[in-house]
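Peer 1:
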Amino acid sequence: MILVWMIGILLVGGIACWLVAQRNTFVCRWIALIAVITAFLIPVGWYVQHQPVIVAGDNWLVHFQADWIPAFGISFHLAMDGLSFIMLLLTFLLGVLAVLCSWNEIREKTGFYFFNLLWTLAGIAGVFVAMDLFLFYFFWEVMLVPMYFLIAIWGDFNRRYAAYKFFIFTQTGGLLMLLSILALYFIHGQQSGGNYTFDYFALLNTTMVGATARWIMLGFLIAFVIKLPMVPLHNWLPDAHSEAPTAGSLILAGLLLKTGAYGIIRFVLPLFPQASFDVAWFAMLVGVVGIVYGALLAFAQTDLKRLIAYTSVSHMGFVLLGVFAFREIALQGVVMQLLTHGVSTGALFVLAGMLKERLHTRDINQMGGLWTAMPRMGGIAMVFVMASLGLPFLGSFIAEFLILMGAFPVSPVLTIIASGGLVLSALYSLRIVQKVFLGQAQTVGEPPRDLSAREWVIMASLTAAIIFLGLYPQPVLDMVRNVIGEMVVRR
Amino acid sequence: MDQLLAYIPAFPLLGFLILSLFGRNLPKQLIGVIGAGTVCIAALITIVVGIAFLQTTPEGGAFSQLLWSWFRVGNLSIDISLRVDALTLVFIFIITFVGALIHIYSAFFMWHDRDYARFFASMNLFVCAMLLLVMADNLVLMYLGWEGVGLCSYLLIGFWYEVPSNCRAANKAFLITRIGDTALLIGLFLLFQELGTLNIPGILQRAPDYFASGSSNIELITILLLVGGMGKSAQMPLQTWLPDAMAGPSPVSALIHAATMVTAGVYLIARMHVLFQLSPVTMAIVAIIGAITLLVAGCSALVQTDIKRILAYSTISQIGYMFLALGIGAWSAAIFHFFTHAFFKALLFLAAGVVIEALHHEHNIFMMGGLRKRMPVVFFTFLAGAAALSALPLVSAGFFSKDAILWYSWSAANGNSFLWLIALAGAFITALYSTRLMLVVFWGEMKTPIHEQPAQGMVIPLIVLAFFSVAAGFIEWPHNMVHLTLFSDHVQKVLPETVMKQGLPSEYLFQAIAAFMTFAGVYMGYMMYYGKPGVRWQQSPGLSATREFLFSGWKFDQLYQFLFVKPFVFITRINKSDVIDRMYNGIAQASLRLNSWFSISQNGSLRLYIVGVLAGILFIITLQLLL
Amino acid sequence: MVLLVATVLFTLGLIGVLTRKNVVFMLISVEIMLNAAGLAFVAAGSRWEQPDGQVMFLFILAMAAAEVSVGLALVLQIYHQHKTLDVENLKELKD
Amino acid sequence: MTYQQYLALLPFIILATAAIVVILLIAFRQSHTVIQVTGFMMMCGVVLAMWYVRDTLPREIPPLFVVDGFAALFTGLIIFSVLVVGLLSYIYFEEREENPKEYYILLFLATLGAAVLTISRHFISLFIGLELLSVSLYALIAYLRNRNNAVEAGVKYLVLAALSSAFLLFGMALIYMETGSMEFSAIARAIDAAGMSVLFVMGIGLIVVAIGFKLALVPFHLWAADVYQGAPAPVTAFIATVSKIGVFAVLVRFAEAIHLETYPLAVTIFTVIAIACMIVGNILALMQQNVKRLLAYSSIAHFGYLLVAFLSGEAGVGAAVFYLLAYSITLLSAFGIITLLSTQRRDADDLSGYRGLFWRSPLMAAIFTVALLSLAGIPLTAGFPAKFFILTAGVQQNMWLLAIVLVLTSVIGLYYYLRIISTLFAAPPLTPVKERTLHPFFYFATYASLVVLMCLLAWIGVYPGFIVENVREFLLIH
């Protein structure tokens, strides 16, 4: 039931924002903030209550099921396990920050903005807990539309193009996935003697012959790797990320990409163990290509947000590598990577947004020497740049270390190339610091002000999160151990 | 006693946290006290621990403390836990003790700098990271320290960030070491895959019965570790970053780029000595790399004009000696040289810092001169340092350590005459450039006026270090002279004894030759530079070409520029706007063209529409008649 | 046999629609086609000796009449607005 | 004819009387409003009657008609659409100088024709219904004769429609010639007995041409855009919904009767046509700047989708009905917005006129957005389950080619829907458009009904179960 509450609060809160904003935008902001915080507190509070359950390691912690379209065996089935729980925490954490960092950035149409923001979050949360494939697809789409509006209305100069690109890319994947879902639905129905259902747990024990399984699996996989994104299907990402408003980029990089990875872990591997194992080597290869390719492009960019966007292409390559290594260590690393990348890249985008607010440009050639004026921001930026190049005692290191460690026995060569990606990541990450904060101060006129209290809260919480994940990741690892373990034994 | 370990890195960390969070609001005095104080406390604790260790060697030969479990996944379990054995003890002593002196020095040296707090924050963080590096009881935690010191060196080299060249130097340092680090990381993966553990004691204890000596895996692992070490310790071919790293403040060069961080490679190899002993090929490679490095860097040091670059190159070459020693299996000799080198090289850098400060940030030695009378303290301390560097027999610590290496490079089982000759040549060159440095800087007439004398607080560390760079040698005498080998006895609790050849000529002979070479170097330097600094070099063109070649560090930078940097930048530039994007734009274009074609049919002409209908009919009818 | 005639008639009408530019003639040609269809119905009815064919023919006549009436009204309008009956001039509506 | 049969025909009789009543009212010089209200009442009457006779179904009225659940569904759909169209027509024509009264006669006659199509099981009734529909449509399209292009559209439609009905008739004649009957079931029996012949196949082909023309299927679609653009907005809505629903109904019935899906030939033809529709329709709409034309093209594509359901036979009918429902609601709300925005001089069909609508009148823009999203088949709107059910039907019959084409083309379609949406949300032009305050009551009535439609879309989108159940229930009545 709590899951329904979580999503419901966001949806209702969104509508409330829209309505209230006609009169008073200030109240509307607070409504949004409170809505997200409550949504955040629900799983946290639940965790505080039921801690023993998790430690005991029963995979499925919460279930909620209700009929929806019985004629087609579609039910409103939500469930949460460790993985979902982790993702939910990330979602709401970033959600709160997203609301905070759009506090002053959004001047007009505030109500509709927060409506979209909250609905996107609701959609994402739904994706992480939906256990009925139809429902999953439903949420999958629901999170797109508001996101489209966020980009298309509050975006930057080139927003419409970016918005189209984003929507069309993801939609293509989505529809292919829908086809696969249907195919799976009928195959299962025929096998189980007319028990037609979209329920995840029912579909789990569907057996398919090689070719069919591979095609159906491809349908899912394409949808997810477009979201991930995987080279060469990544082209929507740089545009969307660089054009979106700060909160938009934060959510795109921090959460939407994760839904892709989540989808692979939750659906592709368990539903098609054999088929996905057959494509594993290819997927790993592409992942490594992504790591290198993304890094090269990131190094070349001069638009700060675009640069960061390409870094996430590179980082998500690690996810692909890790997932298809089919090793517990690697998969645990992938989960860590989802978290840490969400936090670190999100933080970088927020920083980029703050810089844009102050300097009104995203071009790093027009920045430089900002450390003098903004030592605080500089320090924070240093932390997250180091995170993105995988410095130990920051969460990203644990993630990448585990992924590489896990993938190494499977394919040493690819892993070594991927490790080369670490050097490249150092290249582009240092370039950020050097171009933006070091060197001669370029800004004429009065120097930009340092972080305000609100911004300080945002960045401090992110920093705390990334350092905590780096020094004491055990809780997360424990949380997903069972899920991952099951995944590994399945194949 | 075990419980004390955590406090050694904890105090510098505390200092870092305080300074980085509130540093901007604190008075400078307080900052200085915190910055230097925390390290001094760490040093005191270290000494306490050290005494305890020397009195009663703990069981297992090490103190160890488990702080918390870092992460456990599957069969991989990594803890945050510290471990101090004889080898570590030497390192943490140097780190904290020399570090403390340098911090005290810098408290005065950096007084006028705007970012006083940032400086000490970074320095404290460095000390903390370096301590973690040497105290870690598993390789992942060590890697944490390893990267941490890299970060701090990056921050401190680029400390004066307004100057672009400094930032470039910082980047260069970070990137080149990063290459080594990555190799090291891969080494860890392979090691884990083979042994299933990354715990240092575990590895050392499992390796011998797991690996066959000289098996390809162990060779590969050790080579990867070696590359990591080469990166950090600026050995060939990854040495090019160190000279540029002199862009940082002098104390930084003293602490990071002379005494501690650059010797991390030495530590790594010594720490993993079991693995290296199992892989003779790698051992040979280590020795050869060390030999080449010490020669190459020494030659470059001969012709530098920037005082700090001279010292930097000499550092590289001294570390070359240590690698040579490691390569030939003279473990304790290598560590001993590290021990003495830390003192005298730190001393030299700090003294150089004083000189540079005194002369309005003048780096060029040929613009100095005649400081002997004006800055006596600095002169004598510098003299002590230089003497140790050029290993003047019996009166300098450098002699004892370097003489041991020279001796072993012939006499050790893996040693041979060739290595010995190179080492000897190195000794000669070292003496030569040390003399050149001394003479040009302190003799002759004065070219730049002195505008300030060093503060007392800066002199005291100099004197202390000077004392040690003379006296530190007396704890370890050559076997044939005095039977006093405290150091090697201590270190050999961890490291194996050096295996010797049979039927060697008397050791006195070697010592005599070594001493002679040293004096020859000094004399030649005296001949060339006394009074008439460097005139003879500028004249003959052939020599000046060689000089130019050596001056630019054997053109390694240019080579790498050409081989790696330029191609990389080229590739990234041409693909800035993502080639793959073209594909998708192409699809979009195609559908738009299709659209324009189709809409031709919608030209509003009724008759065309009728034709359309007719076409449809014909299509259907024909289809029907065909099927 | 009769069907053949009807077919020929139908084709003629079709050709007329295609070739003529004048709206009125087009309408006439369509009428021819309709009547051809009617003829076909009658033929079919006679083949099966049923009245339905002829019934259908009556319906066709009625419908044709209605159609023509509306058609001519439109033709008048066209003439008012365009002062011509050439369909080639009716091209305001297009992409 | 028995009482029961009359009873079964009651709704249609009421529908017919509606037209007559309007004529009488006009004879008595009644005002537009009165006529409007009466017409509204009559239509409600039809619905009530349908509900009333529901239990007596199914009922055969040989040889021409059969009133069964299927017919009831489609008639209900038609009447529902006409209700909305009528509502739109009122405010639309109040703005125009022309005398709008006769308009309603034609409207109701056309409706009657469509309704007759849904219950016809005989060529004659088919023909009558079709012609009733088209002849009234000629007049409706050209109703605002003084507005440029209306007449042109009328003529184009007339000539082509007449042509197509000629083909229809000839086809019928051929079939009759072959089978000796004009009753669907009888034809089917005759075919089963005698097997197919060239003439019969020809006949089917020619009939397909006529049907294809009415449904604006490729390659008989060329008229659609022009007529949509030329006709008054409500009439366009009518063409897009009512007439197509009626024709589709008879198509389905005919196909079911003669088991079209058993002829590989016919299946091939329809498959080709469907694919052509999806591709051509969506591509044509890509760069279209005129909203009415754009909707025309999108409707071509949508009937392509619908054919997928049609091709999957029995299983598809439910999906098709659902789709038509969602589709008509969507289109009606879209055209409602167009009507509301139309000014005296011209319909609001230029996309530039919609720039920044959201910031001028959010509610309208919201309705339009929802409608477009529903056309694009995005969740939370009725379009999504509709498209989903069609895909389900397609996949169930393993028509992978069609399914994949559907998916890819609807991605193309996405682009132009998004184009409109982003125009709605773009920064508004500096000159504010004057608001119309004429006839506030009806204006707001229409407004309210559009809001209701939007809610309907959302409701069906989120909870389609209810509709699905009822549709199934109805379809079982035959």
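Protein chains in written order, with the working numbering: chain A, 1 to 491; chain B, 1001 to 1627; chain C, 2001 to 2095; chain D, 3001 to 3478. We put the CB at the ideal spot given by N, CA and C, even for glycine.
Could you round the C-beta distance between Gly3113/D and Ser3089/D to whole angstroms and report it? I think they count as a contact, below 8 Å.
Peer 2: Contact doesn't hold; Cβ gap of about 17 Å is too wide.
Peer 1: Counting only beta-carbon atoms, is Arg3189/D nearer than 8 Å to chain C?
Peer 2: So, not an interface residue.
Peer 1: Between which two residues does the alpha helix (DSSP H) harbouring Trp68/A extend?
Peer 2: Unbroken run through Trp68/A is the beta strand (DSSP E), 60-69; no alpha helix (DSSP H).
Peer 1: Asp2095/C versus chain B: which residues are under 7 Å apart at the beta carbon?
Peer 2: Result: Ser1599, Gln1602.
Peer 1: Who are the neighbours of Phe299/A on chain B, taking C-beta pairs under 7 Å?
Peer 2: In chain order: Thr1572.
Peer 1: I need the straight-line Cα distance from Leu94/A to Ala3366/D, nearest angstrom please.
Peer 2: Between Leu94/A and Ala3366/D, the C-alpha separation is close to 29 Å.
Peer 1: Check this for me: beta carbons of Ser3328/D and Leu3077/D, under 8 Å apart or not?
Peer 2: Yes, Cβ-Cβ distance for Ser3328/D and Leu3077/D is below 8 Å.
Peer 1: For Ala1129/B, collect the residues of the same chain with a Cβ closer than 7 Å to its Cβ; drop the 5 residues on either side in sequence, then sort them by chain order.
Peer 2: Once the five neighbours on either side are set aside, the close Cβ partners of Ala1129/B are Gly1145, Gly1148, Val1149, Cys1152.
Peer 1: Do the region 3041-3060 of chain D and the region 2082-2094 of chain C make contact, defined as three or more Cβ pairs closer than 8 Å?
Peer 2: Segments in contact, no.
Peer 1: Quick one: Cα of Ile1610/B to Cα of Val289/A, how far?
Peer 2: Rounded to the nearest angstrom, the two C-alpha atoms are 55 Å apart.
Peer 1: Once the 5 residues before and after Met405/A are set aside, which same chain residues still bring their CB inside 8 Å of it?
Peer 2: Within the same chain, Met405/A has close Cβ partners Ile329, Ala330, Gly333.
Peer 1: Quick one: any contact between the region 1430-1438 of chain B and the region 1067-1076 of chain B, if contact means 3 or more CB pairs under 8 Å?
Peer 2: Cβ pair count under 8 Å is below three, so no.
Peer 1: So Glu3060/D is in the alpha helix (DSSP H); what residue range does that whole segment cover?
Peer 2: Segment 3059-3061 is the beta strand (DSSP E) holding Glu3060/D; no alpha helix (DSSP H) there.
Peer 1: State the DSSP-derived secondary structure class of Phe326/A, mapped to helix, strand or coil.
Peer 2: Looking at Phe326/A - three-state DSSP - the assignment turns out to be coil, as it is neither helix nor strand.
Peer 1: Run through chain D and tell me which residues come within less than 7 Å of Pro70/A, C-beta to C-beta.
Peer 2: Per Cβ cutoff of 7 Å: Gly3465.
Peer 1: Applying a beta-carbon distance threshold of less than 7 Å, which residues of chain D neighbour Ala1615/B?
Peer 2: What Ala1615/B touches in chain D: Pro3219.
Peer 1: Quick one: Cα of Ser3197/D to Cα of Gly3377/D, how far?
Peer 2: Straight-line Cα distance between these residues: approximately 42 Å.
Peer 1: Please give the ranges of any alpha helix (DSSP H) in the region 1266-1317 of chain B, keeping only runs that are unbroken, at least 4 residues long and fully inside the region.
Peer 2: The qualifying runs are 1273-1277, 1280-1303.
Peer 1: Using only the alpha-carbon positions, how far apart do Val2024/C and Leu2072/C sit?
Peer 2: Whole-angstrom Cα-Cα distance: 8 Å.
Peer 1: What distance in whole Å lies between the Cβ atoms of Ser3120/D and Ala152/A, which are believed to be in contact at a cut-off of 8 Å?
Peer 2: Rounded, the Cβ-Cβ distance is 48 Å, inconsistent with contact.
Peer 1: With burial defined as no fewer than 16 other Cβ atoms inside 10 Å of the residue's Cβ, what is the status of Asn3149/D: buried or exposed?
Peer 2: Buried, since its Cβ has 16 or more Cβ neighbours within 10 Å.
Peer 1: Looking at the unbroken beta strand (DSSP E) that takes in Phe76/A, where does it start and where does it end?
Peer 2: From DSSP, the beta strand (DSSP E) with Phe76/A extends over 74-81.
Peer 1: Based on Cα-Cα distance, which residue from Met1527/B, Pro1201/B, Val1084/B lies nearest to Tyr1007/B?
Peer 2: Selected option, being the one with the closest Cα: Val1084/B.
Peer 1: Return no unless some Cβ of chain A is closer than 8 Å to the Cβ of Ser3136/D.
Peer 2: By this cut-off, Ser3136/D is not an interface position.
Peer 1: Looking at the unbroken alpha helix (DSSP H) that takes in Leu1089/B, where does it start and where does it end?
Peer 2: Counting along the chain, the alpha helix (DSSP H) containing Leu1089/B begins and ends at 1086-1109.
Peer 1: Is there a Cβ from chain C that is less than 8 Å from the Cβ of Ser1605/B?
Peer 2: At least one chain C Cβ lies under 8 Å of Ser1605/B.
Peer 1: For the region 3171-3202 of chain D, which segments carrying the alpha helix (DSSP H) assignment without a break, of at least 4 residues, lie completely within its bounds, in sequence order?
Peer 2: Qualifying alpha helix (DSSP H) stretches, in chain order: 3184-3194.
Peer 1: List, in chain order, every chain A residue whose beta-carbon is nearer than 8 Å to that of Ser3298/D.
Peer 2: Those do not exist, as Ser3298/D stays about 16 Å from chain A at its closest Cβ, beyond 8 Å.
Peer 1: My assumption, with CB atoms under 8 Å, is that Val350/A sits in contact with Gly82/A. Please give the rounded CB distance.
Peer 2: Val350/A to Gly82/A, Cβ: 28 Å. No contact.
Peer 1: Tell me whether Gln953/B sits in a helix, a strand or coil according to DSSP, three-state version.
Peer 2: The structure shown does not extend to residue 953/B, since chain B spans only 1001 to 1627, so no value can be given for it.
Peer 1: Within 10 Å of its beta-carbon, does Leu1139/B have 16 or more other beta-carbons around it, so buried, or fewer, so exposed?
Peer 2: When all chains shown are included, Leu1139/B counts as buried.
Peer 1: Nearest to Met386/A by alpha carbon, out of Thr345/A, Thr91/A, His360/A?
Peer 2: Closest option to Met386/A, Cα to Cα, is Thr345/A.
Peer 1: Excluding the 5 residues flanking Met1110/B on each side, which residues of the same chain have their C-beta closer than 7 Å to its C-beta?
Peer 2: Result list for Met1110/B: Tyr1116, Phe1119, Pro1249, in chain order.
Peer 1: Report the start-end ranges of each alpha helix (DSSP H) in the region 1188-1218 of chain B that is 4 residues or longer and not cut off at the edges.
Peer 2: With a minimum length of 4 residues, the continuous alpha helix (DSSP H) runs that stay inside the region 1188-1218 of chain B are 1200-1210.
Peer 1: Report the neighbours of Val2030/C on chain D: residues whose CB is nearer than 7 Å to its CB, in chain order.
Peer 2: Those within 7 Å of Val2030/C in chain D are Val3159, Ala3162, Leu3163, Ala3166.
Peer 1: According to DSSP, is Gln2081/C part of a helix, a strand, or is it coil?
Peer 2: DSSP places Gln2081/C in helix when its eight states are reduced to three.
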